[in-house]
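To start, the structure under review is shown below, and the notes come after it.
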Amino acid sequence: MGEHSHPNSESVVRANHKMLASVTGSFDGAQRAALHHYSKSFRGFSAMLTPEQAQQLKANDLVVSVFESKMNKLHTTRSWEFLGIESTHQHNPMPMNLNSDIIVGVIDTGIWPESKSFNDKGLGPIPKKFKGECVTGERFTLANCNRKIIGARFYSQGFEAEAGPLESFNLPFFRSARDGDGHGSHTASTIAGSMVANVSLFGMASGTARGGAPNARLAIYKACWFGLCSDADILSALDDSIGDGVDILSLSLGPVPPQPIYFENAISIGTFHAFQRGILVSASTGNSGLPQTATNVAPWILTVAASTVDREFNSNIYLGNSKVLKGFSLNPIKMETSYGLIAASSAAAPGVTAKNASFCKNNTLNPTLVGRKIVVCTIETVNDNRNEKSIVLREAGAVGMILVDPLVKDVGFQFVIPGTLIGQEEAEELQAYMITAKNPVARISPTTTVLNTKPAPEVAVFSSMGPNIITPDIIKPDITGPGVNILAAWSPVATTATAERSVNYNIISGTSMSCPHVSAVAAMLKSYHPSWSPAAIMSAIMTTAMVLDNTQHAIGRDPNGSPTTPFDYGSGHISPAAAFNPGLVYDFNSHDIINFLCSNGATPAQLKNLTGELVQCKNPPTPSYNFNYPSIGVANMNGNLSVYRTVTYYGKNPTTYAASIDYPTGVEVRVTPAKLKFTKMGEKMSFRVDFMPYKNSNGSFVFGALTWTNGIHRVRSSIGVNVVSV
Numbered sequence: 001m002g003e004h005s006h007p008n009s010e011s012v013v014r015a016n017h018k019m020l021a022s023v024t025g026s027f028d029g030a031q032r033a034a035l036h037h038y039s040k041s042f043r044g045f046s047a048m049l050t051p052e053q054a055q056q057l058k059a060n061d062l063v064v065s066v067f068e069s070k071m072n073k074l075h076t077t078r079s080w081e082f083l084g085i086e087s088t089h090q091h092n093p094m095p096m097n098l099n100s101d102i103i104v105g106v107i108d109t110g111i112w113p114e115s116k117s118f119n120d121k122g123l124g125p126i127p128k129k130f131k132g133e134c135v136t137g138e139r140f141t142l143a144n145c146n147r148k149i150i151g152a153r154f155y156s157q158g159f160e161a162e163a164g165p166l167e168s169f170n171l172p173f174f175r176s177a178r179d180g181d182g183h184g185s186h187t188a189s190t191i192a193g194s195m196v197a198n199v200s201l202f203g204m205a206s207g208t209a210r211g212g213a214p215n216a217r218l219a220i221y222k223a224c225w226f227g228l229c230s231d232a233d234i235l236s237a238l239d240d241s242i243g244d245g246v247d248i249l250s251l252s253l254g255p256v257p258p259q260p261i262y263f264e265n266a267i268s269i270g271t272f273h274a275f276q277r278g279i280l281v282s283a284s285t286g287n288s289g290l291p292q293t294a295t296n297v298a299p300w301i302l303t304v305a306a307s308t309v310d311r312e313f314n315s316n317i318y319l320g321n322s323k324v325l326k327g328f329s330l331n332p333i334k335m336e337t338s339y340g341l342i343a344a345s346s347a348a349a350p351g352v353t354a355k356n357a358s359f360c361k362n363n364t365l366n367p368t369l370v371g372r373k374i375v376v377c378t379i380e381t382v383n384d385n386r387n388e389k390s391i392v393l394r395e396a397g398a399v400g401m402i403l404v405d406p407l408v409k410d411v412g413f414q415f416v417i418p419g420t421l422i423g424q425e426e427a428e429e430l431q432a433y434m435i436t437a438k439n440p441v442a443r444i445s446p447t448t449t450v451l452n453t454k455p456a457p458e459v460a461v462f463s464s465m466g467p468n469i470i471t472p473d474i475i476k477p478d479i480t481g482p483g484v485n486i487l488a489a490w491s492p493v494a495t496t497a498t499a500e501r502s503v504n505y506n507i508i509s510g511t512s513m514s515c516p517h518v519s520a521v522a523a524m525l526k527s528y529h530p531s532w533s534p535a536a537i538m539s540a541i542m543t544t545a546m547v548l549d550n551t552q553h554a555i556g557r558d559p560n561g562s563p564t565t566p567f568d569y570g571s572g573h574i575s576p577a578a579a580f581n582p583g584l585v586y587d588f589n590s591h592d593i594i595n596f597l598c599s600n601g602a603t604p605a606q607l608k609n610l611t612g613e614l615v616q617c618k619n620p621p622t623p624s625y626n627f628n629y630p631s632i633g634v635a636n637m638n639g640n641l642s643v644y645r646t647v648t649y650y651g652k653n654p655t656t657y658a659a660s661i662d663y664p665t666g667v668e669v670r671v672t673p674a675k676l677k678f679t680k681m682g683e684k685m686s687f688r689v690d691f692m693p694y695k696n697s698n699g700s701f702v703f704g705a706l707t708w709t710n711g712i713h714r715v716r717s718s719i720g721v722n723v724v725s726v
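For the sequence shown, UniProt numbering begins at 1 and goes up steadily by one.
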């Protein structure tokens, strides 16, 4: 706005706020929108505005110019860029530079404090509210904590009581919060890693590594050893973290399916207390890939599934007939020349069947036949250890591996020799070539990183699915986020699949990777809206999620794009920018949870186990499908049924929301009232959803959605119902 004649900066700021208020509609909105005030030698400001608001400002006589702030691009390692956290040119811009007093507690395998991702440059003093400590131990001193890693504790008593002394495992470990595994450093840096330029895994996925909330602080609770975490240690970690004053808890771990009942599960009990104290808990749903295997399904936990990002790691196969087959892996090794091809099934050791040899397991192959060859192997079960096959081949003298693995070909694996995964079509083409060529040869090329791939996201093949086997009226998982081929910090002493080399950053996959993405978004929301309850944060993340991929089709499931339901992805794929301003919120508190548990038949003794106090259930209890969850589930629909929900208005000006329905197959749905009129922030309104089924769903759920919209905000709730009788 050019020169100014204001006496001081405060006067400029006041005038700027006044001008901004003319387009945001309120002084408070103006203060929230403003990022910087320029007041020394000329007058101006930067603010988060919609295109319409920017146009309105342009029309103001005092304004010299209005222009959109463009980003000078950091070439990030993709997952945060895919979520829209880097970009500013979208409908609802991300409020960046959020204050850095949010503390995320990470219960995992510890942390590698020397990683560049955990430097504390630019962070202010440790928040006064933090009551935790930096517990010293093996190769971990007070100097290993800083303004980024503000607390560190470790727990092994439960583990050692159940599994024996740590020393008996003959694997690298540290009796301290130092990470000997890599997993904890990976999840912590995904949440709050500082910006680190020029990071890659041997040149793959290169770019700037960063956490989703690079200004957040980390409190580390090491409760896992050698991939296992004892309930006793987890509960101790949860107890400490709540007392230490964390704002968000992230748990990339969970029970082996089936999920135990809430009252007998340390994670469920401990996280209930966290919820009571206003701490949002984000937890991974598991990597079992099958229906009914979702874990961490309590309604006070934000349960996270995994999906792909728009990036592929191609390690292609160049055949002797000049054809190129598309392969997938994390393969940094360059093959200088072509080698002969042989099917493992044609190279069986004496006394081994062709079928057994095809799986490339120990002692099944004839070294004379596979020596100096590229060997084609197949998968016995989806849980096969794929890297082990490459170790077997290397020991037998083979130079490369082609693994026919249609199901998980998009998950990046690392091997000790050049190796790549191919799908069914490529396998057929390869087989045809090997049958017709006299001397079939091939070369496996090193991995190239391909960006902007379509369709994405897709739900990961390994991501555990609902329904929720404990309380089926609560649809689980709740949300999906990036969990396939994620690059983040690693422990240099940890074994990677290419075990010979120590790495500081590694690419791995799992719901363990998607959970910290969601934890980071929750941390940003808490920073921007400090008064929000955990349920409000859950609601904002769930109701603003996307259900379309980057080709504008419904999100499919990897590898074939097969159709998905809320049992795959919950409410959809996380959309961080939209979650900052959800419009309406489905809130609930611990009293509501108690009523919900009562309706599911909880006894006074069980409730005491959870809450620590005697609780009397209402008689009759509120039906559990009326628990004010952001999605709507009815596991047993016998004829017509009404479901109730209450929304809280989280906007400024008077507005009207109208309901629209995506009908589940065989069910008529009506919403009353069909319009909700709000006049002020914080106002609550209830509505009724009447379900009138006209067709049985034959023992499985049918799905739909309820969306409230006021022309600006879309507040979407997944619907899942099982019609037992009409």
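Ideal Cβ placement from N, Cα and C applies to all residues, glycine included.
Keep in mind it's a predicted model, so treat the numbers as computed, not measured.
{"Item": "Per DSSP, the bridge partner or partners of D662", "Value": "A705"}
{"Item": "Local conformation of F596 per DSSP, three classes", "Value": "helix"}
{"Item": "Coarse secondary structure for L62, derived from DSSP in three states", "Value": "coil"}
{"Item": "Residues near A163 by beta carbon distance below 6 Å, same chain, minus five either side", "Value": "none"}
{"Item": "Proximity winner among S236, S11, I149, relative to S117 (alpha-carbon distances)", "Value": "I149"}
{"Item": "Length of the line joining the Cα atoms of T511 and Q55", "Value": "42 Å"}
{"Item": "Outcome for N560 when other beta-carbon atoms lying within 10 angstroms are tallied against a minimum of 16", "Value": "exposed"}
{"Item": "First and last residue of the uninterrupted beta strand (DSSP E) at D690", "Value": "684-693"}
{"Item": "Beta-carbon gap between D239 and G151 smaller than 7 Å", "Value": "no"}
{"Item": "Whole-number beta carbon distance between I479 and V518, since they are thought to touch under 8 Å", "Value": "6 Å"}
{"Item": "Cβ-based burial, I712 [other Cβ within 10 Å; buried from 16]", "Value": "exposed"}
{"Item": "Which residues DSSP lists as bridging F275, in chain order", "Value": "In the DSSP output, where bridge partners are listed per residue, F275 has none listed."}
{"Item": "Those residues which DSSP pairs with P457 across a bridge", "Value": "Its beta-bridge partners do not exist; DSSP assigns none."}
{"Item": "Extent of the continuous alpha helix (DSSP H) to which R32 belongs", "Value": "27-33"}
{"Item": "Rounded Cβ spacing between G300 and F272 (contact assumed at less than 8 Å)", "Value": "Reading off the sequence shown, one finds Trp at residue 300, where the question assumed Gly. Indeed, because the Cβ distance is near 6 Å, the residues count as touching under 8 Å."}
{"Item": "Nearest candidate by alpha-carbon position, reference N710, set Q424, V723, Y650", "Value": "Y650"}
{"Item": "Classification of H553 by the beta-carbon crowding that lies within 10 angstroms, buried from 16 upward", "Value": "exposed"}
{"Item": "Exposed unless 16 or more other CB atoms sit within 10 angstroms - verdict on N385", "Value": "exposed"}
{"Item": "Alpha-carbon to alpha-carbon, T109 and G211", "Value": "18 Å"}
{"Item": "Beta-carbon spacing of W112, F159 below 7 Å", "Value": "no"}
{"Item": "Of the listed residues N640, I661, A674, T622, nearest to D592 (C-alpha basis)", "Value": "T622"}
{"Item": "Local conformation of R714 per DSSP, three classes", "Value": "strand"}
{"Item": "Helix, strand or coil at V13 [DSSP, three-state]", "Value": "helix"}
{"Item": "Expected contact under 8 Å - CB spacing of S189 and S115 to nearest Å", "Value": "7 Å"}
{"Item": "Option nearest M434 by Cα separation, candidates S346, R175, G286, I191", "Value": "S346"}
{"Item": "Entirely enclosed beta strand (DSSP E) segments - the stretch 374-430, minimum 3 residues", "Value": "400-404, 419-422"}
{"Item": "Bounding residues of the alpha helix (DSSP H) (the contiguous stretch that carries M204)", "Value": "Where M204 is concerned, there is no enclosing alpha helix (DSSP H), although the beta strand (DSSP E) it sits in stretches over 204-209."}
{"Item": "For S236 and T187, believed in contact at Cβ under 8 Å, the rounded distance", "Value": "Between S236 and T187 the Cβ distance is about 19 Å, and since that is not below 8 Å, they are no contact."}
{"Item": "Cutoff 6 Å; reference L451; Cβ partners in own chain excluding five residues on either side", "Value": "R311"}
{"Item": "Stretch pair the stretch 564-572 + the stretch 327-346: three plus CB contacts closer than 8 Å", "Value": "no"}
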